[in-house]
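Novice: What follows is a single structure, and I will ask about it in a moment.
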Amino acid sequence: MARRLLSSRARADLFGVPTDYEALVRRYLLSGDDVDLIRTRRRAENHLGLAVHISLLRYPGLGWGQDTMPPAELIAWLAEQLQISGCTLDDYAARRNTRHEHHALAMRHLGLAPFGPEHVQQAEDIATTAAFATDHGMKIVETLVAELRKQHLVLPSVDTLERLALKGRARARREAAAALFDVLSLEQRDQLQALLVNDPSLGQTRLTWLRGYPHSTSPASMTALLDRLNYLRSLDLPPNLGHGLHPDRLLKFAREGAVAPVSLLNDFGERRRIATLAAQMADLSITITDATIAMFERLTGQLFSRSRNRQEEVWRMGKTRVGKLMQLFGASIDAMARAQDLGQDPFAALDADVGWETLLGKRDEIADFGELATSDPLALAAERYAYMRKFAPTFLEAFEFNATDAGDDLKDAIALLRDQNRTGKRKLPDDPPMPFAAKHWPSLIVQDGKPQRRVYETAVVSTLRERLRAGDVWVDGSREYRRFDSYLKPRDKAETIMRDAGFETDPDAWLSD
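If you're matching positions, the sequence shown starts at 1 in the UniProt record's numbering and goes up one per residue.
Next up, the structure:
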């Protein structure tokens with residue numbers, strides 16, 4: 001049984017003759033030229049027969065097939081336009097040549113040519129080009145049909161169109177796989193093949209290990225993500241991998257590789273297998289890059305949220321103590337106020353009513369609560385410096401952060417921290433870069449004229465997080481954290497889309513209207 005590309009539903013959608021009134025009017029409204037040509041025939045059934053030929057060549061474009069009868073709704077609609085009543089097609093074309101003559105006449109009238117052997121290769125090329133962007137059979141056939149109509153060709157049979165689309169899709173797959181395979185060196189192909197071999201140190205194949213990257217938020221997960229990212233970078237895949245392919249075809253390879261079990265990949269032919277692995281590794285590198293940056297965002301956010309939560313927890317636990325301190329403070333004020341009103345010694349009254357030693361004994365407790373109430377979130381986050389050091393240095397080392405000129409101060413601060421981490425230096429220079437939006441942070445960082453490493457590093461890491469989230473800082477090789485203007489369409493494509501939609505693209509012309 002021949003392989004089918006289109007379902008019965010898809011065939012009906014693409015090539016079925018509509019029967020509802022609105023579609024009949026839209027598709028099969030005869031023009032004056034149509035009617036004039038039809039009136040050159042002598043009998044009513046020939047009028048109707050020629051009208052059917054013209055209509056079915058116009059849409060869906062296959063013509064009136066032998067031994068088929070058009071829907072009654074179409075016949076009735078054409079008869080209504082031609083003002084023919086009581087006529088059927090039962091007696092049409094009693095002479096076989098009449099049908100062929102009318103078909104040829106309708107083709108000449110519409111400026112159509114038959115689809116012949118000389119058009120097969122061109123049609124396959126069209127299907128191949130369409131298949132570079134999609135594997136969806138209906139979309140490939142739609143594109144093929146649209147291009148053949150543009151060339152004023154009568155469409156071949158649906159079976160022929162399907163065969164051409166299948167050949168085009170198979171060829172697109174082969175050519176795309178070859179394009180990916182051919183840019184790889186022998187060493188790179190061997191490295192990709194090795195992904196499917198069990199690695200005793202991992203207890204699984206390297207491919208399974210790469211796919212199984214962690215999602216839980218922890219410094220250990222950050223380390224695991226960076227391990228995988230470093231391995232992917234060690235493959236040193238060509239930067240132009242897949243640049244000659246349609247993005248959707250490259251994505252198709254990557255998605256296929258993401259779900260195919262190792263056993264199935266081993267069953268692929270060499271070109272398809274290596275191409276699939278290469279596309280998946282390129283896509284996985286982007287995915288893990290995004291996952292790593294998102295992990296950094298969450299971990300850095302936890303520095304502040306957990307410090308804030310701890311502050312709130314201390315407040316909740318100390319509410320009773322704070323209340324008693326306020327009562328003690330109120331009693332002290334009352335005692336001194338009464339003494340003042342009575343002309344007595346306020347301090348003697350305070351000692352008698354509250355107790356001087358009692359008041360002094362609360363000094364440290366009051367100071368602690370006062371410091372807690374006025375502590376800056378940055379200072380609280382810096383108290384978790386040891387936790388931050390579990391992930392921040394390796395993250396800063398793993399990526400090159402890009403920014404506009406306004407972000408040079410942050411890039412300088414990151415470069416300073418990298419140098420400190422590489423050399424083991426602990427002391428910061430006296431005037432480190434201060435790329436902070438919060439104007440009071442420098443005063444928290446510099447104490448007694450010297451910048452405090454813990455507070456400074458926490459501030460830089462926090463600032464990097466916020467600018468990544470805002471899009472002010474971007475990372476090459478990322479999908480979610482790329483340069484903002486990369487989301488925009490190229491100017492030439494945008495202008496083409498606007499022109500096709502009927503918009504003016506020349507600002508001077510638009511202003512002159």
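Glycine residues also receive a C-beta, built at the ideal position from the N, C-alpha and C atoms.
Remember, predicted model here, so these are calculated numbers, not experimental data.
Could you give the residue range of the beta strand (DSSP E) that holds N402?
Specialist: Run containing N402: F401 to A403, per the beta strand (DSSP E) assignment.
Novice: Do you know whose CA, among L14, L105 and F399, lies nearest A51's CA?
Specialist: Looking at the Cα atoms, L105 is the closest of the given residues.
Novice: For S462 and G301, I'd like the C-alpha separation in whole angstroms.
Specialist: Whole-angstrom Cα-Cα distance: 8 angstroms.
Novice: With a cut-off of 8 angstroms on the beta carbons, I'd call T208 and V262 a contact; round off their distance for me.
Specialist: That belief holds up - the Cβ atoms of T208 and V262 are roughly 7 angstroms apart, short of 8 angstroms.
Novice: Suppose you measure from the CA of A178 to the CA of L6; what does that come to, to the nearest Å?
Specialist: Computed Cα separation, rounded: 27 angstroms.
Novice: Any contact of the segment 185-201 with the segment 151-161, i.e. 3+ C-beta pairs under 8 angstroms?
Specialist: Judged by Cβ distances under 8 angstroms, the segment 185-201 makes no contact with the segment 151-161, as fewer than three pairs qualify.
Novice: Mark D34 as exposed unless 16 or more other C-beta atoms lie within 10 angstroms of its C-beta, in which case mark it buried.
Specialist: Buried, because 16 or more other Cβ atoms sit within 10 Å of the Cβ of D34.
Novice: In chain order, what residues of the same chain lie with their CB nearer than 7 angstroms to the CB of R426, ignoring the 5 residues before and after it?
Specialist: Closer than 7 angstroms at the Cβ level, and outside the excluded window around R426, lie R453.
Novice: Could you check whether E45 and L89 sit closer than 8 angstroms to each other, using their CB atoms as the reference points?
Specialist: Yes.
Novice: How big is the Cα-Cα spacing for T374 and M326?
Specialist: Since pLDDT at T374 reaches only 48, below the 50 mark, its modelled position is unreliable, and no value is offered.
Novice: Would you decide whether Q280 is buried or exposed? Buried here means 16 or more other CB atoms lie within 10 Å of its CB.
Specialist: Label assigned to Q280: buried.
Novice: Note down the Cα distance separating E400 from D476, rounded to an integer number of angstroms.
Specialist: Using only the alpha carbons, I get a separation of about 8 angstroms.
Novice: Give the secondary structure of N230 by DSSP, where H, G and I count as helix, E and B as strand, and everything else as coil.
Specialist: DSSP places N230 in helix when its eight states are reduced to three.
Novice: State the DSSP-derived secondary structure class of I259, mapped to helix, strand or coil.
Specialist: Just to set this straight, residue 259 is Val in the shown sequence, not Ile. V259 falls in the helix class under three-state DSSP.
Novice: So, are the CB atoms of L112 and A130 less than 8 angstroms apart?
Specialist: Against a cut-off of 8 angstroms, the Cβ pair of A130 and L112 comes out as no contact.
Novice: Enumerated in chain order, which unbroken segments of the beta strand (DSSP E) with a length of 3 residues or greater are wholly contained in the segment 429-485?
Specialist: Qualifying beta strand (DSSP E) stretches, in chain order: 473-475.
Novice: Determine the direct distance from the alpha carbon of G49 to that of H152, and round the result to whole angstroms.
Specialist: Their Cα atoms are separated by approximately 22 angstroms.
Novice: Answer yes or no: does any C-beta atom of chain C fall closer than 8 angstroms to that of D13?
Specialist: The question asks about chain C, but that chain is absent: this structure has only one protein chain.
Novice: Give the C-beta separation of A194 and R206 to the nearest angstrom, bearing in mind that I take them to be a contact with Cβ-Cβ under 8 angstroms.
Specialist: Indeed, because the Cβ distance is near 7 angstroms, the residues count as touching under 8 angstroms.
Novice: Which one or two residues does DSSP pair with N266 in a beta bridge?
Specialist: Answer is none; N266 lacks a bridge partner.
Novice: Taking A176 as the reference, give the member of H136, F253, P200 and T160 with the closest Cα.
Specialist: Comparing Cα positions, the closest option is F253.
Novice: First and last residue of the alpha helix (DSSP H) that includes D90?
Specialist: Per DSSP, D90 belongs to no alpha helix (DSSP H) and is neither H nor E.
Novice: With a cut-off of 8 angstroms, do at least 3 Cβ pairs link the segment 275-292 to the segment 215-226?
Specialist: Cβ pair count under 8 angstroms is three or more, so yes.
Novice: Please report the straight-line C-alpha distance between L37 and T134, rounded to a whole angstrom.
Specialist: Each residue's Cα considered, the two are about 42 angstroms apart.
Novice: Do you know whose CA, among R43, Y59 and R41, lies nearest A23's CA?
Specialist: Here the closest residue by C-alpha is Y59.
Novice: Nearest by alpha-carbon distance to W356: which of R163, E504 and A335 is it?
Specialist: Nearest of R163, E504 and A335 to W356, Cα basis: A335.
Novice: Indicate the three-state DSSP secondary structure (helix, strand or coil) for T374 in the structure shown.
Specialist: Reliability of the predicted coordinates at T374 is poor, the pLDDT of 48 falling under 50, and the value obtained from them is presented with this limitation in mind. T374 falls in the helix class under three-state DSSP.
Novice: Alpha carbon to alpha carbon, how far is Y28 from R255? Give it in angstroms, no decimals.
Specialist: Between R255 and Y28, the C-alpha separation is close to 43 angstroms.
Novice: Under a three-way DSSP split, which group does N240 fall into?
Specialist: Coil.
Novice: Beta-carbon within less than 7 angstroms of L181's beta-carbon, same chain only, minus the 5 sequence neighbours each way: which residues are those?
Specialist: The amino acid occupying residue 181 in the given sequence is Phe; Leu does not appear at that position. Same-chain partners within the cutoff: R271, I274 and A275.
Novice: Taking contact to mean 3 or more Cβ pairs, one atom from each stretch, closer than 8 angstroms, check whether the segment 397-417 and the segment 472-492 are in contact.
Specialist: Touching, per the Cβ criterion.
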